[in-house]
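Top line first, the protein sequences correspond to chains U and X. Numbering-wise (this note's numbering), the first sequence opens with residue 1 and increments by one. Numbering-wise (this note's numbering), the second sequence opens with residue 271 and increments by one. Note that the Cβ used here is the ideal one computed from N, Cα and C, for glycine as well. Written out below as C-alpha cells is the structure these notes cover.
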Amino acid sequence: MKRLWIRLAFTLFLLAGCSEDSAQDKLVLTGSSTIAPLVSEIGKRFEALHPDVRVDVQTGGSSRGIADARQGLADIGMASRALKESEGDLLAFTIARDGVGLIVHKDNPVIELSDAQVVAIYTGKIVNWKDMGGNDAPITVVNKAEGRSTLELFLDYFKLKNTVVKAQVIIGDNEQGIKTVAGNPNTIGYVSIGTAEYDASHGVAVKLLPVDGVAASTENVRNGSFPLSRPLNLVTKTEPQGLAKDFIAFARSTAAEAIVKKQYFVPITH
Amino acid sequence: MSRSRTDIVLVWSLRGCAALAGAIVLLIVVFLVLESLPALQHVGLARFFTDASWQPSEGLYNLTPMLWGTLFAMAGAVLVATPLGVLSAMFCHYYAAPVVARFYRRLIELLAGIPSVVYGLWGLVVLVPLIGSLHPPGPSLLAGIAILTIMILPTIALMADAALANVPAHYLRGASALGLSRWATIRGVVFPAAKSGLFTGVILETGRAIGETMAVLMVCGNVVQTPANVFEPIRTLTANIALEMAYALGDHRAALFVSGLVLMAVIVVLVAGAERISKGRVYG
Numbered sequence: 001m002k003r004l005w006i007r008l009a010f011t012l013f014l015l016a017g018c019s020e021d022s023a024q025d026k027l028v029l030t031g032s033s034t035i036a037p038l039v040s041e042i043g044k045r046f047e048a049l050h051p052d053v054r055v056d057v058q059t060g061g062s063s064r065g066i067a068d069a070r071q072g073l074a075d076i077g078m079a080s081r082a083l084k085e086s087e088g089d090l091l092a093f094t095i096a097r098d099g100v101g102l103i104v105h106k107d108n109p110v111i112e113l114s115d116a117q118v119v120a121i122y123t124g125k126i127v128n129w130k131d132m133g134g135n136d137a138p139i140t141v142v143n144k145a146e147g148r149s150t151l152e153l154f155l156d157y158f159k160l161k162n163t164v165v166k167a168q169v170i171i172g173d174n175e176q177g178i179k180t181v182a183g184n185p186n187t188i189g190y191v192s193i194g195t196a197e198y199d200a201s202h203g204v205a206v207k208l209l210p211v212d213g214v215a216a217s218t219e220n221v222r223n224g225s226f227p228l229s230r231p232l233n234l235v236t237k238t239e240p241q242g243l244a245k246d247f248i249a250f251a252r253s254t255a256a257e258a259i260v261k262k263q264y265f266v267p268i269t270h
Numbered sequence: 271m272s273r274s275r276t277d278i279v280l281v282w283s284l285r286g287c288a289a290l291a292g293a294i295v296l297l298i299v300v301f302l303v304l305e306s307l308p309a310l311q312h313v314g315l316a317r318f319f320t321d322a323s324w325q326p327s328e329g330l331y332n333l334t335p336m337l338w339g340t341l342f343a344m345a346g347a348v349l350v351a352t353p354l355g356v357l358s359a360m361f362c363h364y365y366a367a368p369v370v371a372r373f374y375r376r377l378i379e380l381l382a383g384i385p386s387v388v389y390g391l392w393g394l395v396v397l398v399p400l401i402g403s404l405h406p407p408g409p410s411l412l413a414g415i416a417i418l419t420i421m422i423l424p425t426i427a428l429m430a431d432a433a434l435a436n437v438p439a440h441y442l443r444g445a446s447a448l449g450l451s452r453w454a455t456i457r458g459v460v461f462p463a464a465k466s467g468l469f470t471g472v473i474l475e476t477g478r479a480i481g482e483t484m485a486v487l488m489v490c491g492n493v494v495q496t497p498a499n500v501f502e503p504i505r506t507l508t509a510n511i512a513l514e515m516a517y518a519l520g521d522h523r524a525a526l527f528v529s530g531l532v533l534m535a536v537i538v539v540l541v542a543g544a545e546r547i548s549k550g551r552v553y554g
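Structure (C-alpha cells):
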C-alpha cells in the first residue's frame with residue numbers, strides 16, 4: 001500500500017512537470033524479446049532494493065541489443081545467443097540459459113529420435129510412429145504459438161521455418177503442452193526443459209527425449225552440453241561500472257534465481 | 271414540488287447511467303480502432319482476408335480461417351444447445367413434478383456458475399483424449415462445439431425458463447378451457463407468446479459462444495486452417511488473441527487488435543440481423 005502511494009505521488013510529480021526526474025539514476029537495457037520479460041522482473045526487484053533507481057527495458061531483438069550496447073545507446077544490451085567472433089569487442093555476462101526439450105507420452109516405446117527424424121515429423125514427412133519403431137499410430141504434432149522463444153529456439157536448431165511445420169495442435173504455454181502430450185499417447189511436443197523435468201519427476205505421464213544423444217536435463221542445459229539450448233546474455237561495451245555492474249551482479253546472484261526459474265529458464269547458479 | 275424534484279434527480283441519474291454504458295462500448299471500439307491502426311495502415315484491411323496464411327513473423331496476416339473457425343464453433347454449439355435448452359425449460363414447466371422441477375432448475379443454475387477454465391481443463395484431459403481415440407488427433411472443432419454447448423446450455427435453458435414463466439396464466443387457462451392437449455397448448459399458445467423471450471436467449475447464448483476464449487483455446491488445437499470436417503483442429507479469433515498477445519510486438523500486436531475488431535464486427539452483424547428478424551423487438 002505504501003509503495004502504491006509512493007508511486008502515485010511520483011506519478012503526480014512527473015505530471016506536474018517537475019524536473020526532479022533527472023536526479024534519478026536510470027539504467028537502460030535493450031534487445032532480445034526473450035530476455036526482456038526476465039530482465040523486467042529482475043529490474044522490479046532491483047528497483048525495490050534501490051529506490052532511487054529506475055530500470056528501463058526495451059525490446060527489439062538480439063541484434064538491436066548488440067548494436068545499442070556497442071553504440072552506447074543502452075547501458076546494457078540483451079542477446080539470447082552467444083557472441084559471434086565479430087563481436088569480440090563486447091563483453092557478455094550470462095544470466096540464465098534457455099533449454100527446450102522434446103517430450104512424448106511416457107508409454108511411447110520410442111526412446112530416441114535423430115534430428116533428421118524430428119525434422120521429418122514436424123514437416124509432415126513421417127506421420128506414423130511405426131516408422132521409428134513405435135506403435136502403429138498416427139503422430140500428433142504439437143507446435144508452439146507464434147512469438148514464443150521456445151518456438152524460435154526450436155526452429156533455429158532444426159533449421160525449420162514455421163510455414164513448413166505441419167502441426168495438429170498449437171499451444172500457448174508450457175503447461176498446456178505437457179497436458180496435451182500427457183493426455184494423448186501418440187503426441188510429440190516440445191516445451192521448456194525446466195517445466196518438463198519438474199512435471200515428469202512429479203508423476204505426469206510425459207518423458208523427455210535426448211537430443212543428438214545428450215539427455216535432456218536442466219543440468220546438461222546449465223553446463224552447456226545440451227544442444228537445444230542457448231545462453232541469455234547481458235552485453236556491455238566496456239567492463240561495467242557503477243549501476244550497470246551492480247545490476248549484472250544482482251541478475252547473476254542467487255537472489256535472482258527464483259525469478260529465472262519462474263520464467264522457465266535455467267539458472268546458472270546452484 | 272418535492273416529488274417532481276425526485277423525478278428530475280431520478281431521470282438525470284438514469285440518463286447518466288445510460289450514457290456511461292453507451293460510452294464504455296464506444297470507448298472500446300475507439301480503443302480497438304486506435305490500436306489496430308498501425309496494422310491497417312501498414313498491411314491494409316484487404317490483406318487480412320486475402321493473404322496466403324497467418325504467419326505474423328513473416329508478414330502474412332490472413333484472418334479468414336479463424337473467422338470460419340469462430341463461426342463454425344459458434345453455429346455448432348448454438349444449433350445443439352438451443353433445442354436442448356428449450357426442451358429442458360419445457361420439461362421444467364409443463365411435464366416435471368414441482369419438486370423435480372425445482373431441483374432441476376437449481377442444477378442448471380449451478381451449471382451456469384462453473385468457470386469456463388474448469389470446462390476447458392475437463393475437455394483437455396477427458397474429452398480430447400476420448401475424441402482422439404475415435405478419430406485422431408483429438409483437439410478439434412468437435413471438442414470445441416461440445417465444450418461450448420455445455421457452457422451455453424445453462425444460458426438458453428434459464429432464459430427459456432424465464433420466457434415460459436412469463437406466459438400469462440389466463441392464456442393457459444383459456445387453452446385448457448378449449449380442451450387442448452398439453453403439447454397443443456405448448457405449440458399453439460406458449461411458443462408464440464414466449465417467442466421474443468426465447469429469441470433473446472438465443473442472442474445471449476450466441477454472444478457467449480463467440481466470446482468464449484480459455485476453454486476453446488484448450489480443446490480446439492489452435493491450428494490456423496479452415497476445417498474440412500469436425501475432427502480437424504481450428505483456431506478461433508479469441509484464442510488467437512489470447513495465444514499470441516503476450517509475445518506480440520509491432521504490426522503483429524496491431525494485427526491481433528484487428529482480430530478483435532473483426533470479432534466486434536461479427537457481433538454487430540449478428541445483433542443487427544437479430545433486430546431485423548424480430549423487427550426491433552428482440553428485447554421486447
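Legend entry - Proximity test, Cβ basis, 7 Å: U:Glu-146 and chain X: Yes, U:Glu-146 lies at the interface with chain X (some Cβ there is under 7 Å from its Cβ).
Inset, instruction - Under 8 Å Cβ to Cβ from U:Ser-22, same chain only, skipping five residues before and after it: list those, please. - result: Residue placement at U:Ser-22 cannot be trusted, given a pLDDT of 45 that sits under 50; what the coordinates show is reported in the next sentence. Excluding residues within five positions, none has a Cβ falling inside 8 Å.
Inset, instruction - Kindly list, in the order they appear in chain U, the residues whose Cβ is closer than 9 Å to that of X:Glu-556. - result: Any property of residue 556 of chain X remains undetermined from this structure, which presents chain X solely from 271 to 554.
Inset, instruction - Please state whether DSSP places X:Val-387 in a helix, a strand or coil. - result: Secondary structure of X:Val-387 (DSSP, three-state): helix.
Legend entry - Segment limits, alpha helix (DSSP H) that includes U:Ala-182: Looking at the DSSP string, the run of the alpha helix (DSSP H) that includes U:Ala-182 is 174-183.
Inset, instruction - Note the first and the last residue of the continuous alpha helix (DSSP H) segment covering U:Gln-71. - result: Start and end: 62-71.
Inset, instruction - Decide if X:Gly-543 is buried, meaning its Cβ has at least 16 other Cβ atoms within 10 Å, or exposed. - result: A residue is called buried once 16 or more other Cβ atoms fall within 10 Å of its Cβ, and X:Gly-543, having fewer, is exposed.
Legend entry - Cβ neighbours of U:Ala-67 in the same chain (closer than 7 Å, five flanking residues each side left out): Result list for U:Ala-67: empty, nothing under 7 Å.
Inset, instruction - Name, please, each residue of chain X whose Cβ falls closer than 7 Å to the Cβ of U:Pro-138. - result: Residues of chain X with a Cβ closer than 7 Å to the Cβ of U:Pro-138 are, in chain order, Pro-406.
Inset, instruction - Anything in chain X within Cβ reach of U:Ser-33, meaning under 9 Å, just list it in chain order. - result: Result: Tyr-517 and Leu-519.
Legend entry - Distance, X:Leu-381 Cα to X:Arg-375 Cα: When only Cα atoms are considered, X:Arg-375 and X:Leu-381 end up about 10 Å apart.
Legend entry - Runs of alpha helix (DSSP H) lying entirely within the stretch 357-442 of chain X, each at least 4 residues, in chain order: Within the stretch 357-442 of chain X, the complete alpha helix (DSSP H) runs of at least 4 residues are 368-383, 386-392, 398-404 and 411-435.
Legend entry - Among U:Tyr-198, U:His-50 and U:Glu-41, the one whose alpha carbon lies nearest that of U:Glu-175: With distances taken between Cα atoms, U:Glu-175 lies closest to U:Tyr-198.
Inset, instruction - Could you tell me whether any non-hydrogen atom of the ligand FAD is closer than 6 Å to the CB of X:Leu-357? - result: Absent from the structure shown: the ligand FAD. Ligands present: none.
Legend entry - Reduced DSSP secondary structure (H/G/I, E/B, other) of U:Phe-93: Note: U:Phe-93 maps to strand in three-state DSSP.
Legend entry - is_contact[U:Val-169, chain X] using C-beta, thresh 7 Å: Closer than 7 Å: yes.
Inset, instruction - Report yes or no: is there a C-beta of chain X within less than 7 Å of the C-beta of U:Lys-179? - result: For U:Lys-179, a Cβ of chain X is located within less than 7 Å of the residue's own Cβ.
Legend entry - X:Leu-341 versus X:Arg-546 - alpha carbon distance: One C-alpha to the other measures close to 20 Å.
Legend entry - Continuous beta strand (DSSP E) stretch holding U:Ser-192: start and end: If you look at U:Ser-192, you'll find it in the beta strand (DSSP E) that goes 187-192.
Legend entry - Proximity winner among U:Leu-73, U:Ala-258, U:Ile-178 and U:Val-191, relative to U:His-105 (alpha-carbon distances): Proximity to U:His-105 across U:Leu-73, U:Ala-258, U:Ile-178 and U:Val-191 peaks at U:Ile-178, based on C-alpha coordinates.
Inset, instruction - Go ahead and label U:Pro-231 buried or exposed: buried means 16 or more other beta carbons lie within 10 angstroms of its beta carbon, across all protein chains shown. - result: Sixteen is the threshold: when 16 or more other Cβ atoms of the shown chains lie within 10 Å of the Cβ of U:Pro-231, as they do, the residue is buried.
Legend entry - Per-residue burial, X:Gly-449 [other beta carbons within 10 Å of its own, 16 or more giving buried]: Answer is exposed; the Cβ neighbour count stays below 16.
Legend entry - Alpha-carbon spacing of U:Pro-51 relative to U:Ile-248, whole angstroms: Rounded to whole angstroms, U:Pro-51 to U:Ile-248 spans 17 Å at the Cα level.
Legend entry - U:Asn-108 at chain X interface by Cβ criterion, 7 Å: When Cβ-Cβ separations below 7 Å define contact, U:Asn-108 makes no contact with chain X.
Inset, instruction - Kindly list the residues whose CB is nearer than 7 Å to the CB of X:Pro-409, restricted to its own chain and excluding five residues on each side of it in sequence; keep chain order. - result: The residues are Val-398, Val-489, Cys-490, Gly-491 and Pro-503.
Legend entry - Neighbour list for U:Gln-176 in chain X, Cβ cutoff strictly below 7 Å: Neighbours of U:Gln-176 on chain X, chain order: Met-488.
Legend entry - Nearest residue (CA-CA) to U:Asp-173, options U:Tyr-190, U:Trp-129 and U:Asp-56: Ranking U:Tyr-190, U:Trp-129 and U:Asp-56 by CA distance to the CA of U:Asp-173 puts U:Tyr-190 first.
Inset, instruction - Below 7 Å CB to CB, which residues in the same chain sit around U:Val-110 once its five sequence neighbours on both sides are set aside? - result: Here the set comprises Val-104, Trp-129, Met-132, Gly-133 and Gly-134.
Inset, instruction - Can you grab the Cα-Cα spacing for the pair X:Ala-351 / X:Ser-358, in whole Å? - result: Near 10 Å, if we compare the C-alpha coordinates of X:Ser-358 and X:Ala-351.
Inset, instruction - Could you tell me whether any Cβ in chain U is nearer than 7 Å to the Cβ of X:Gln-325? - result: Yes, contact with chain U.
Inset, instruction - Tell me, please, which residues DSSP counts as bridged to U:Leu-209. - result: For U:Leu-209, the pairing in a beta bridge is given by DSSP as U:Leu-102.
Legend entry - CB contact flag (U:Ser-62, U:Ala-82, <7 Å): Using a Cβ distance threshold of 7 Å, U:Ser-62 and U:Ala-82 do not count as a contacting pair.
Inset, instruction - Name the one or two DSSP bridge partners that U:Ser-229 has. - result: DSSP lists U:Gly-99 as partners of U:Ser-229.
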